[in-house]
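Chemist:
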Amino acid sequence: MKVTAHHGKIQDKPPSFYASFNCIISGLDNVEARRWLNATVCGLVELDDDGDPDPSTIVPIVDGGTEGFSGQARVILPRITSCFECSLDAFPPQKSFPLCTVAETPRLPEHCIAYAFTLQWPREFPDRKLDTDSPTDMKWVYEQALIRAEKFNISGVTYMLTMGVVKNIIPAVASTNAIVAAACVNETVKLLTFCSQTLNTYMMYMGATGVYSHTFVYERKEDCPVCTSTVRKMTVTKNTTLNELMQRLRDGDLRLKSPSVVAAGSGTLYMQKPPSLEKATRHNLDRALSALIEDGEELTVTDPIFPNLNLSLSICFEQ
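Each position in the sequence shown, counted from 1, maps to that position plus 8 in my numbering.
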């Protein structure tokens with residue numbers, strides 16, 4: 009077996025790189041990267057005139073992940089089975105702390121750590137970004153968090169907790185990793201050799217109080233923005249601004265990152281990049297949607313989280 013290593017971000021590789029594989033085993037450590045890979049591979053699938061996927065363009069994904077004594081393995085056949093985006097609701101947004109609590113009334117050791125790296129570091133080092141992989145930088149954050157914790161009589165600040173809060177680290181358990189890795193390899197062998205029926209579609213493992221595993225089917229989401237071509241309908245008031253719509257796209261079930269919006273009849277409403285186009289369309293953010301588009305007009309939304317895919321929205325105004 010020949011193994012070729014590639015060092016860098018998965019986003020730096022073109023779609024043709026992922027299209028060259030017969031199967032992709034994903035062991036990514038965060039939801040955003042998983043969403044990106046899922047959208048990229050789903051975007052590779054070509055559809056015929058009837059809307060059915062061309063099997064020769066499908067690159068299966070075997071996704072595995074662990075968290076302490078729990079783990080999961082999953083088989084995704086893009087445009088055939090449910091994709092990662094279909095089950096995004098199962099992943100709660102990353103825990104955050106209110107800034108006012110962090111700055112004024114800390115109650116937990118996590119608040120003290122968050123204060124040190126979100127507020128104190130920029131004041132002390134305005135020209136340098138915190139390097140979370142630097143022991144020196146992390147030691148500074150830990151020491152400052154400890155000082156603040158003592159000031160508010162809060163105990164529990166440790167170096168390991170500091171690493172966990174700053175980098176959102178969850179301890180890895182070797183046995184869990186081995187079990188999930190074996191499950192992923194097993195499914196990959198089945199996909200490549202057709203020696204047996206593949207997992208349909210999700211396997212969860214729990215080893216905290218024994219050994220337990222369970223399989224179940226994640227159903228496709230009818231309005232999934234990645235693996236379906238459905239036009240989503242969104243109802244807003246006539247006074248809703250474009251900026252409020254953008255916030256809704258970021259905070260709602262779509263969880264977009266940096267959306268850009270183009271209207272079918274009105275043209276470009278807002279573009280995140282390049283800077284010149286962002287500046288030229290920025291004035292639209294505070295305008296009411298009713299002044300920018302017609303009732304029922306279709307918007308095309310693009311976002312870095314969905315590479316090579318467009319989301320279609322039909323905007324309806326409340327009567």
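Heads up, the beta-carbon is just placed ideally off N, CA and C, and yes, glycines get one too.
Measure the Cβ-Cβ separation of Cys-192 and Gly-72 and say whether it is below 8 Å.
Modeler: For the purposes of this step, residue 192 is identified with residue 184 of the sequence shown, where counting begins at 1. For the purposes of this step, residue 72 is identified with residue 64 of the sequence shown, where counting begins at 1. In contact: Cys-192 and Gly-72 (Cβ atoms closer than 8 Å).
Chemist: DSSP three-state call for Gly-273: helix, strand or coil?
Modeler: If you number the sequence shown from 1, residue 273 lands on position 265. Note: Gly-273 maps to coil in three-state DSSP.
Chemist: At which residues does the beta strand (DSSP E) containing Arg-115 begin and terminate?
Modeler: Residue 115 sits at position 107 when you count from the first residue of the sequence shown. First-last for Arg-115: undefined, no H or E at that position.
Chemist: Below 8 Å on the Cβ atoms is my guess for Glu-334 versus Ser-90; work out the distance and round it to an integer in Å.
Modeler: The structure shown has nothing for residue 334, since the chain only spans 9 to 327.
Chemist: Which two residues bound the contiguous beta strand (DSSP E) that contains Ala-98?
Modeler: The sequence position of residue 98 within the sequence shown is 90, counting from 1. Where Ala-98 is concerned, there is no enclosing beta strand (DSSP E), given that its DSSP letter is neither H nor E.
Chemist: Tell me the rounded alpha-carbon separation between Thr-243 and Trp-148.
Modeler: Locating residue 243 in the sequence shown gives position 235, counting from the first residue. Locating residue 148 in the sequence shown gives position 140, counting from the first residue. Cα-Cα distance, rounded: 48 Å.
Chemist: Take Pro-267 and list the residues in its own chain whose beta-carbon comes closer than 6 Å to its own, dropping the five residues that flank it on each side.
Modeler: As a working note, residue 267 is residue 259 in the sequence shown. Contacts found: Met-254, Leu-257, Val-309 and Asp-311.
Chemist: For Arg-295, which beta-bridge partners are listed by DSSP?
Modeler: Here residue 295 refers to the residue found at position 287 when the sequence shown is read from its first residue. The partner list for Arg-295 (beta bridge, DSSP) is empty, contrary to what the question assumes.
Chemist: According to DSSP, is Lys-281 helix, strand or coil?
Modeler: Along the sequence shown, read from residue 1 onward, the residue named residue 281 stands at position 273. Three-state DSSP puts Lys-281 in coil, outside helix and strand.
Chemist: Can you look up Pro-315 in the DSSP assignment and give me helix, strand or coil?
Modeler: Within the sequence shown, numbered from 1, the residue matching residue 315 stands at position 307. The answer is coil: DSSP assigns Pro-315 none of H, G, I, E or B.
Chemist: May I have the straight-line CA-CA distance separating Leu-127 from Cys-108, to the nearest angstrom?
Modeler: The residue you call residue 127 lines up with position 119 of the sequence shown. The residue you call residue 108 lines up with position 100 of the sequence shown. For Leu-127 and Cys-108, the distance between alpha carbons rounds to 11 Å.
Chemist: Assuming contact is defined by CB atoms lying nearer than 8 Å, are Ile-18 and Asn-46 in contact in what I supplied?
Modeler: Translated into the one-based positions of the sequence shown, residue 18 becomes position 10. Translated into the one-based positions of the sequence shown, residue 46 becomes position 38. Against a cut-off of 8 Å, the Cβ pair of Asn-46 and Ile-18 comes out as no contact.
Chemist: Give the DSSP-derived three-state secondary structure of Ser-325 in the structure shown.
Modeler: The residue given as residue 325 occupies position 317 in the sequence shown. Residue identity check: residue 325 is Phe in the sequence provided, not Ser. Phe-325: strand per DSSP, three-state reduction.
Chemist: On a Cα-Cα basis, can you pick out the residue from Gly-59, Asn-208 and Ser-237 that is closest to Val-225?
Modeler: As a working mapping, residue 225 is identified with position 217 in the sequence shown. Out of Gly-59, Asn-208 and Ser-237, Asn-208 has the C-alpha closest to the C-alpha of Val-225.
Chemist: Considering only the alpha carbon of each residue, which of Gln-327, Tyr-213 and Val-165 lies closest to Ile-187?
Modeler: By one-based count along the sequence shown, residue 187 stands at place 179. Looking at the Cα atoms, Tyr-213 is the closest of the given residues.
Chemist: Distance check for Gln-280 and Arg-288, CA to CA, integer angstroms please.
Modeler: Taking the first residue of the sequence shown as position 1, residue 288 is located at position 280. Taking the first residue of the sequence shown as position 1, residue 280 is located at position 272. Looking at the sequence itself, residue 288 is Ala, so the reference to Arg does not match. Looking at the two C-alpha atoms, the distance is approximately 10 Å.
Chemist: Would you list, in sequence order, the uninterrupted alpha helix (DSSP H) runs of no fewer than 4 residues that lie entirely inside the segment 16 to 87?
Modeler: Within the segment 16 to 87, the complete alpha helix (DSSP H) runs of at least 4 residues are 23 to 27 and 39 to 51.
Chemist: On the CB-based measure, 16 or more other CB atoms within 10 Å of its CB, does Ser-34 come out buried or exposed?
Modeler: Taking the first residue of the sequence shown as position 1, residue 34 is located at position 26. Buried, by the Cβ-count rule.
Chemist: Rounded to a whole number of angstroms, what is the C-alpha to C-alpha distance between Glu-332 and Ser-320?
Modeler: In this structure the chain extends from 9 to 327, so residue 332 is not present and cannot be described.
Chemist: Using 8 Å as the threshold, is the C-beta distance between Leu-300 and Thr-248 below it?
Modeler: Along the sequence shown, read from residue 1 onward, the residue named residue 300 stands at position 292. Along the sequence shown, read from residue 1 onward, the residue named residue 248 stands at position 240. Taking 8 Å as the Cβ cut-off, Leu-300 and Thr-248 do not qualify as a contacting pair.
Chemist: Please determine, among Cys-203, Cys-94 and Lys-137, the residue with the shortest C-alpha to C-alpha distance to Cys-232.
Modeler: Taking the first residue of the sequence shown as position 1, residue 232 is located at position 224. Out of Cys-203, Cys-94 and Lys-137, Cys-94 has the C-alpha closest to the C-alpha of Cys-232.
Chemist: Count the other CB atoms, across all protein chains shown, that sit within 10 Å of the CB of Thr-48; report buried if there are 16 or more and exposed otherwise.
Modeler: Working through the sequence shown from its first residue, we reach residue 48 at position 40. By the neighbour-count rule (16 or more Cβ atoms within 10 Å), Thr-48 is buried.
Chemist: Of the choices Asn-38, Ser-78, Gly-16 and Ala-41, whose alpha-carbon is the least far from that of Gly-218?
Modeler: Here residue 218 refers to the residue found at position 210 when the sequence shown is read from its first residue. Residue Ser-78 is the option with its Cα nearest to Gly-218.
Chemist: Just checking, does the segment 172 to 182 make contact with the segment 154 to 164 on the three C-beta pairs under 8 Å criterion?
Modeler: Touching, no, given that fewer than three Cβ pairs across the two stretches are closer than 8 Å.
Chemist: Among Leu-52, Ala-122 and Thr-201, which one has its Cα closest to the Cα of Val-110?
Modeler: What you label residue 110 is simply residue 102 of the sequence shown in a count that begins at 1. Closest by alpha carbon: Ala-122.
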